[in-house]
Every structure is written in structure tokens, then in C-alpha cells.
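Just so you know, the sequence shown maps onto residues 460 to 781 in this note's numbering. For every residue, glycine included, the Cβ atom is placed at its ideal position computed from N, Cα and C. Report on the structure given below.
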Amino acid sequence: MAATGCSGDGDGKDPGNPASRSAGDGKSLRVERIASANPGSVNTYWFPAPEGLIVVDTQRSLTDARRALKTLQGTAKPAVAVLITHPHPDHVGGAGVLHDAYPKAGIYASEASRDFMRDDPLGFYKLTRKLPGSDYAKKLTLPDHLIRPGAALDAGGIRLETAEFGPGESVTTTAYYEPRSGALFAGDLVNNEATPALIEGNTCGWLTDLDRLEDKFPDARTLYPGHGAPGAPAELIGRQRDYLVHIRHLVRPTVAASSPGGEKVTREEKNSAIAELKRSYPGFQPVATLPDLHAVNVDAVARELRGEDSGRLPEACRERAN
């Protein structure tokens, strides 16, 4: 994976460059980005700390993790900490590759992420291993350093703030924030021009988490998303919110009792919603190689909306319900 230079405030028009740099003054981190190829491109970030390299997320496949490792080894500095943002397969699959190369580097995650990785309650890892061409780890390497919700983290001689989110995009997400530089690593809470995987059916929770993320880190200067190029927090969060609001708006009429299929989404309604999403978000790359991702997302949002009580929705969702 060859490194390419770019600003930390990427414009989002990014083909999945293997590595990119966020350069800045003495208050900025030198953040490098390693992105696997599309479809399903996913980011790993790393930056130097006084004692070595801090790595954020570990790629999906063993092949991509090994490519990321080659880039890390090219620095001639050891990784001293691996930070997990959330337990989705594309962010934790390479943990074992990094652990084997850097056995002294702690793998940090929340207890909820560790438990999900251990138990696979939704069968995500099993599914990933069955995908065509998959070289996913047969057994995941689990985090060995657990982060208490909201606790500050000292790793490699650098201090990071953390915050826990979810359930929403994932059952749980840990955001990492370096206050001197304003660098915010939010995993898949925020993606940049990427079609999300909504299989967990909690867009309302995700919208609530986006509001919380903005409130928690108002001084963030650069947001490093799980998929796509880094950029300005307000822009990236706004774009992510827009997508979720839009798909809820498109699907809501299809589950109304007065719709052609009643609460069941008809094929025509589903195809219409998918066509509108593709028209509204051209060029968005899928975050996963799941077949028929758009159809899976429409089905998941339909299930979610059918089960919602409009009178008890959180404010973030209630404001956008109609």
C-alpha cells in the first residue's frame, strides 16, 4: 500500500487511497490513513505517539490487515496500542495480524465490544467467513485492555478522551478524541460518502448518537470516519444525518396501513426507494460486500419503523418523523 499525501480535511471524493496524511502544526497529529479497496473499503488509521504508533481499527480481511501491517512496519516504529472503535467484522478482523507482529501492544476496546467479538450474537463473523472470496480470521483476537465508558485513555505516551455510543450504527461504538489537535475517530458513527449497512435496524439510535457526538466533542477539528476520507466534523455528520433521515422518509410510507401492501413493503415500493437512494447519493460506495445491500437496508428500516411508537421517539427521531 503506497502512501499518498492529502489534507486532513478530505473532500470525500476518494477512491480508497491506501494511505493519506493529515499534516499540521505542533498541535496536530500526523494521522495516516490506510484504506482497503472498494467495494467495502474500510479505514485503518495510525499516528505517532512518544512511545510508538497508535493504530485505530484493524481492517476486515487477513490480506488487507497484512498490507496495513507492511505500511506500519515501513515506519521502523513499533505499534504500542491498537484502538477498536466498534466490533463490526470490517474493523476487527485484522486484530490478530497486528497482535502477532506487535505482541506488546495492547488492544483497547469497550467491554461491550469485547463481548460482541467473543460471542458473535448476531452471527456477523460467521456470515463474513461465508462470503465469496473471504479470508476472514477463523478466530478473532480479543481486546486485552477494556475501556470504562467515558474514561480517559493513556496509551503510548498520549492522552485520549473517549465516549461510548449505541446501540445505533452498531450495538456499541467508542469514539477517541485527541483534544490538542481536535482529531476525532468515530468509527462508523460517521462515514463519508458511503452506503451504510443498516442490518441492525436502529437508525433512530444512530441519529440520536450523531447529536450526542456533536454535543460531546464541539471543538473537534477533523473527523476520521470508518469509511471514506477525513473531513470537517459538521460537514460529515450532517451528510450522515441526511442519509439516515432520507431513507427513513422514503421507507415510512411503504409500511403505512394505507400503502399498497399494507405494512409489508411491496417489490415496487422497495425498487422505488432503492432507485431514489441511488439517484440522491451517486458514487456512494458500499461499506460492506453484502449482496443487495440497498434492499437489505430498506427491509431493516421497514422493520424498525413498524415497531416504533411515534409518541415515545427520542427527540432526534421525532423531529424527523414526518
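Where does residue i fall in DSSP's three states?
i: A564; result: coil
i: G766; result: helix
i: P507; result: strand
i: E491; result: strand
i: A653; result: strand
i: E570; result: helix
i: L643; result: strand
i: N756; result: helix
i: A524; result: helix
i: Y584; result: helix
i: P773; result: coil
i: L601; result: coil
i: L749; result: coil
Please go through the same chain and pick out, in chain order, the residues whose beta-carbon is closer than 7 angstroms to the beta-carbon of residue i, but skip the five residues on each side of it.
i: R577; result: L601
i: T748; result: P498, G499 and L590
i: Y561; result: P537 and A538
i: H705; result: S739
With a threshold of 6 angstroms on Cβ separation, who are the neighbours of residue i within its own chain once the five nearest residues in sequence on each side are excluded?
i: K737; result: none
i: G485; result: Confidence in G485 is poor, its pLDDT being 41 and thus under 50, which makes the residue's placement too unreliable to answer from.
i: D549; result: V501 and R519
i: D594; result: S520, L521 and T522
i: V514; result: W505, A538 and V541
i: T713; result: V724 and E728
Within the same chain, show all residues whose beta-carbon is closer than 8 angstroms to that of residue i, passing over the 5 residues directly before and after it, in chain order.
i: I450; result: Not covered by the structure: residue 450. The range shown for the chain is 460 to 781.
i: D719; result: The sequence shown places Pro at residue 719, not Asp. Cβ within range, chain order: T725, E727 and E728.
i: H558; result: V541, A564, I566 and T600
i: T436; result: The requested residue 436 is not part of the displayed model; the chain covers only 460 to 781.
i: K597; result: R588
Note down the Cα distance separating residue i from residue j, rounded to an integer number of angstroms.
i: G483; j: A642; result: Any reading at G483 must be qualified, since the residue scores a pLDDT of 37, below 50, and its modelled position is unreliable; no value is offered.
i: F676; j: P638; result: 9 angstroms
i: A761; j: A634; result: 28 angstroms
i: G660; j: A535; result: 43 angstroms
i: L682; j: E694; result: 9 angstroms
i: R777; j: G664; result: 12 angstroms
i: G511; j: G565; result: 12 angstroms
i: Y584; j: E722; result: 31 angstroms
i: Q532; j: A494; result: 16 angstroms
i: D751; j: A656; result: 11 angstroms
i: R588; j: R711; result: 33 angstroms
i: V551; j: S717; result: 43 angstroms
i: D603; j: G553; result: 15 angstroms
i: G685; j: E774; result: 26 angstroms
i: R526; j: D768; result: 47 angstroms
i: T632; j: T621; result: 10 angstroms
i: K529; j: V556; result: 11 angstroms
i: N730; j: L764; result: 18 angstroms
Counting pairs of Cβ atoms below 8 angstroms between the stretch 607-625 and the stretch 563-572, do you hit three or more?
The stretch 607-625 is in contact with the stretch 563-572.
Does the count of Cβ pairs from the stretch 641-649 and the stretch 617-630 closer than 8 angstroms reach three?
Yes, they touch.
4-residue-minimum alpha helix (DSSP H) runs that sit fully inside the stretch 662-744, ordered along the chain:
662-675, 692-710 and 726-739
Can we say the stretch 534-548 touches the stretch 612-621, given the rule of at least three CB pairs closer than 8 angstroms?
yes
Are the stretch 696-706 and the stretch 662-682 touching by the rule of at least three beta carbon pairs closer than 8 angstroms?
yes
Contained beta strand (DSSP E) runs [length at least 3] in the stretch 604-641, N- to C-terminal order:
604-606, 612-614, 617-624 and 632-637
Taking the runs of the beta strand (DSSP E) that are 3 residues or longer, which of them lie wholly in the stretch 531-560?
Runs found: 538-542.
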